[in-house]
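Before any comments, here is the structure.
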Amino acid sequence: MARSALLILAALVGSCAQFTDALSIDVRKNEPLTENSETESYMPILCSPIPATLSSSSSVHTLRPDDISAVHVLGIPSSHRHEASRVVSRVAELLSMFNPEVSHHMDQSSLQPRSLLEEAEDLSLSLSHKVTDWKLVLLFVPADSICACSPDVAADVNSVVQEVEAALELLQKRSHRTLVHVAVWSTNHQQDKCECMRDENINRRLHQAFLLNTLQDSLSGILEKSKWHDRGVDFTAVLQTAPVILEQISGTTWSDPDQLAVQLWTNLVQPSTRQPEVMDSSVITFPCPTQERPFLRTQNNSPNEKDKASAPVDAVMGTEVHCTDRSPSPSIPTSVHELKPGDIKVVAAVGDSLTAANGVGAKTDNLLLVTTQYRGLSWSVGGDNNISTVTTLPNILREFNPSLTGFSVGRGSETSAKAFLNQAVPGAKSGDMEQQVNVLVAKMKEDSRIDFNNDWKVITMFIGGNDICDFCTDTIFFSPENVVGRIKRALDILHSEVPRAIVNLVELLNVVPLRDLHNDKTLGCPTWLVSLICPCILKPKEGSTELQQVNDFNRAYQRGMRELIDSGRYDTHENFTVVLQPFMREVVLPTLEDGRPDRSYFSPDCFHLSQKAHTLMARALWNNMLEPVGNKTFYQDFEAGVDLQCPSETSPYLKTALNSGYTYPDPPPIPPPVTNWGRDFSCAHRAPSDSVPTSVHRLRPADIKVVGALGDSLTAAFGARADNLLELGIEDRGVSWSIGGDETLETVTTLPNILKKFNPDIKGVSMGKGKDQTGFNVAVSGAKVAGIPGQVRVLIDAMKNDPTVDFENDWKLVTLFIGGNDLCQYCNDRATLSPQNYSHHMMTSLDMLYKEVPRTMVNILEILEIEGLRTIKDDTIGCGVIQKYVCPCFLIPGENSPELAEVKRINREIQAETEKLVYGGHYDGREDFTVVLQPFFKNTIVPLNAESLPDTSYFSKDCFHFSERGHADMAAALWNNMLEPVGEKQAYNNFTSARNDIKCPTEEHPYIFTKMNSLPSWTTDPPPTSDCTDKVEIWLTAVLAVVGLLIGCAVTWLLLSCRAKRNKKRKSSAEEMKGTTF
């Protein structure tokens, strides 16, 4: 007994020590950089106490955190009530540092959605009698109730703002001592409720960003009214400077509530500017009140952001043209290589918001002006006023030919008459260029002002910014090869259809320096907005591999554009050419005298460019057009200015490759044909554990002795090596992605072949064709999830009966992938194939493994998004007939049909049911067993070929099952998922067939990731071993026993003594009461 007491005591002491260590680690990690820093680090005990006042504040504008007694919440939509509650509770927790008695209240009673006015009515009545305590009300304005792409969005926003104003008037009228902070609340899943947001051709994030921007600005206009700030000292309302954006990280996981709480807190306290925005999710910091700024923020006690952040405006945007020879050629040139500026009669442009000139004319910090398209000021195609006041390429060309046409004027979209031949569309990507070019060609052919066949034209294409902003969401779709391929198709249309044209392809700028604007918080840039528009640029951490990937993709886009033009494919006839203009390749971010980035070159969103920058871009483009190919300026320091060049007598023409004497480089050598889909292997840490591990959370790849697999035809490798329809029914199990063992990794990529690099003696692999050497591959072609429990029984029996397997002691890796046939046949039997039944059969199967199989890790793959298979087309019987026969419920319904929408919903529900089952903790009770969800197929991306079309080489002859190439990439994706922490696993497939895409275990984390060893608090060090033996000295046992007995007696005596005194006192009281009873 004494020994047990010692163990319990040691455990308690150890727990305390671990907790203390965790606190000290956080303290060190978040220490202020300087002693006088006004921003201190986040820990529940770190904000230094400010000398307390003698009494509570008498004015809302001098309200301190410790004055707040309660936090109330309004406006949270019922769909996100749980997430909001977590955020609000954390805000209250932060306030509790200053007032431990603070409480938070959130209406949980009403299950039916209520309007904001109804909530405000109830809250104002409940607060009307509380006249002495200070209250903080967080009023959330849900943006998701508004459809961002609706034509009525302005009216919808106005309706919401009016309701907010009415709710605030109610609170102001009835409540006392109340500070209201208004915050816009949004999620990133509007397409679930808004039909037009499901359109694949729409830029969802851009629409969402503009909606939030509009809502934020409209609320700002309401809350700046004096009635909220000047009618007393016991009420005010303030707008939080950035929306609260709840992002869905995975099916059931949302943004970290700590991050959102810190955002709310940061905007609660003074000052409202110069606050560090959290960019690194691993470090949470927040500002503490100081003696100089001790109050909660109100309009009256906070600095005016707009006054501080307003960028200076240049009065002069014009340019002096000193060129003396402005005459055209004596006769209309017949060669594009003898084209003078005065010969140009038509200008046109295609591209994105930088050519549409979003926000160029914005003179203040009104973010709404960024949505305005100032096409008349566009650097490459605008024609407002003249060169003395507005510098654009057309205004420069008009100095050589006053009758120039095609330029855009004023404001408006690409469909307005003023846009003319400026067909750029905000949010456009490379894939939109074909459509823009087709519209442009049609307009030039139809317009009476243009002689399509005889007028010389300058067409400028500038695209790729939105592709690089989105590349991290789909690295295959936005790969350099695919992006450049889409640009090529658009240029090919111009080449084949437009006579007498010189096309400027402006090389993509280096976008990474734009991060500097948002890293410097003194500039007041709306980073929240740009993070929505361009997440792949702003979200990576400094020094991270993700940021390096941004740079790599950016350079690859630029290089791909150069190689496209250097191919010489657009110099096949005399009246057309494409010239790469590289002046944006390296741009130095302009800075102020104090070294900070100069915001005057940018529109109010610190992303789009201002008229000042457009002026310099127009000059730089013009200069590039006059510089010889091979010797063009590719480095621009806008701070130093750009002087306008002129054509000369010796060089009067716009420069092309031919008139520059430029020799195109030889094409790169054609790579040898691929003979196999193997992988190269370079992992250094291959050793097994020093002793056989007892915990699945300390399992190294080399510790795995046995592999098994469950599933359907995709695991049976149905038709993986088929060369014709006759071979389609052959199961090539030796190349199966999860369990095949043919040849070696260098020629056949499978999970076991990767594991053989760690343990050559792995057992259970399937070999060859058919069912002769299936090993522990018990998958059955055509199987549905209902058949998996039977497969599990076969697998368990096979393992137990195999004399080469030590069933009790060998570590096993089992991979389960099922559900394709359930989905493909769902419409034929909805009840049997429901997501609920899917989950039931999956649980039955996992329960069997959990109860019967020791030392096992189970890989569960989420079912892939089958919709993508609709795009796999080939002019064969297999693709045209068999594919639909194999999967009728997904492939037969028409586009946008209710039947297709239903089966897509079921697809998502099955994924959600799988996540719920795996993450529910049902299989966490054993140290030698775990189930891990590997999600690389959750967001399925159909691999594309060089023409940006679905690559059928990844699929078998039926365009449904995977080929050996597809199996190889699935194996690599599964392996890489296994080496990624839970919560950080790649949730999409990245099929490239690269030989070097195999990840390696590291010295810091040599184990396969599980939910447990993915936790930040988990250590890779082996569990501590005790030097103590099982023996306890007899004298120590006796002493501890006596001490324990004495302590027990003493405690018992104290308890009995106290009870006796209470009984005596109670008896005495009873006697007194008897004496006074009538």
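Each residue of the sequence shown is one higher than the last, beginning at 14 in our numbering.
Yeah, the Cβ is synthetic: ideal placement off N, Cα and C, and Gly gets one too.
Since the model is a prediction, treat every value here as computed from it, not as a measurement.
Query, Result
"Residues in its own chain within less than 6 Å of residue 970 by CB, not counting five upstream and five downstream?", "735, 738, 741 and 891"
"Please classify residue 4: does DSSP put it in a helix, a strand, or coil?", "This structure does not reach residue 4, given that the chain is present from 14 up to 1091, and the question cannot be answered."
"For a minimum of 3 consecutive residues, which ranges assigned as the beta strand (DSSP E) are wholly contained in the region 561–647?", "589–594 and 599–601"
"Since residue 517 contacts residue 473 with CB under 8 Å, what's their CB separation in whole angstroms?", "4 Å"
"To the nearest angstrom, how far is it from the Cα of residue 552 to the Cα of residue 534?", "15 Å"
"Pick helix, strand or coil for residue 744, following the three-state DSSP scheme.", "strand"
"Keeping to the same chain, check which residues put their C-beta closer than 7 Å to that of residue 69; ignore five residues upstream and five downstream.", "80 and 147"
"In chain order, which alpha helix (DSSP H) runs of at least 4 residues are fully inside the region 459–546?", "478–483, 493–510, 528–532 and 540–546"
"With a floor of 3 residues, list each beta strand (DSSP E) that falls wholly inside the region 378–428, ordered by position along the chain.", "none"
"Which residues in the same chain as residue 452 place their Cβ atom closer than 6 Å to its Cβ, once the five residues preceding and following it in sequence are excluded?", "436"
"Give the C-beta separation of residue 228 and residue 257 to the nearest angstrom, bearing in mind that I take them to be a contact with Cβ-Cβ under 8 Å.", "Actually they do not touch by this definition, with Cβ atoms about 12 Å apart."
"Am I right that residue 1020 and residue 699 are in contact with their C-beta atoms under 8 Å? What's the rounded C-beta distance?", "That pair is no contact at about 13 Å."
"Residue range of the beta strand (DSSP E) that residue 870 falls in?", "869–874"
"Just the Cα atoms here: how many angstroms apart are residue 670 and residue 640?", "11 Å"
"Measure the alpha-carbon distance for residue 1002 versus residue 482 and round it to whole angstroms.", "19 Å"
"Taking the C-alpha atoms as reference points, what is the distance between residue 765 and residue 720?", "7 Å"
"Quick one: what's got a C-beta closer than 6 Å to residue 940's C-beta in the same chain, skipping five residues either side?", "708"
"Look at the Cβ atom of residue 425, then the Cβ atom of residue 431, and state whether they are nearer than 8 Å.", "yes"
"With residue 929 as the anchor, note down where its beta strand (DSSP E) starts and where it stops.", "Unbroken run through residue 929 is the alpha helix (DSSP H), 911–932; no beta strand (DSSP E)."
"Do you know offhand how far residue 796's Cα is from residue 724's?", "7 Å"
"Among the candidates 207, 337, 630 and 558, whose CA atom is the shortest distance from the CA of residue 404?", "630"
"Check the Cβ-Cβ distances between residue 247 and every residue of chain B, and say whether any is below 8 Å.", "Any reference to chain B falls outside this structure, which holds one protein chain only."
"Could you tell me the distance, in whole angstroms, from the CA atom of residue 886 to the CA atom of residue 954?", "15 Å"
"How about residue 87 and residue 152: are their beta carbons less than 8 Å apart?", "yes"
"Please state whether DSSP places residue 833 in a helix, a strand or coil.", "helix"
"By the DSSP assignment, the alpha helix (DSSP H) with residue 8 in it spans what residues?", "Because residue 8 is not part of the residues shown, which for the chain are 14 to 1091, the question remains open."
"For residue 609, count the other beta carbons within 10 Å of its own beta carbon; 16 or more makes it buried, fewer makes it exposed. Which is it?", "exposed"
"Look up residue 152 in the DSSP assignment and give the residues it is bridged to.", "87 and 195"
"Quick one: using the 10 Å Cβ neighbour count with 16 as the cut-off for buried, is residue 570 buried or exposed?", "buried"
"Alpha carbon to alpha carbon, how far is residue 780 from residue 757? Give it in angstroms, no decimals.", "12 Å"
"On the three-state DSSP scale, how would you describe residue 1043?", "With a pLDDT of 42 at residue 1043, under the threshold of 50, the modelled position of this residue cannot be trusted; read the value that follows with caution. Residue state, collapsed to three classes: coil."
"Considering just the uninterrupted stretch of the alpha helix (DSSP H) at residue 897, what are its terminal residues?", "896–899"
"Leaving out the 5 sequence neighbours to the left and right, which residues in its chain are closer than 7 Å to residue 602 when beta-carbon positions are compared?", "526, 529 and 610"
"Suppose contacts are defined by Cβ-Cβ distances below 8 Å. Is residue 338 in contact with residue 660 by that definition?", "yes"
"For the region 330–368, list the beta strand (DSSP E) runs that are entirely contained and at least 3 residues long, ordered along the chain.", "357–364"
"Below 8 Å on the Cβ atoms is my guess for residue 107 versus residue 177; work out the distance and round it to an integer in Å.", "That belief does not hold up - the Cβ atoms of residue 107 and residue 177 are roughly 25 Å apart, past 8 Å."
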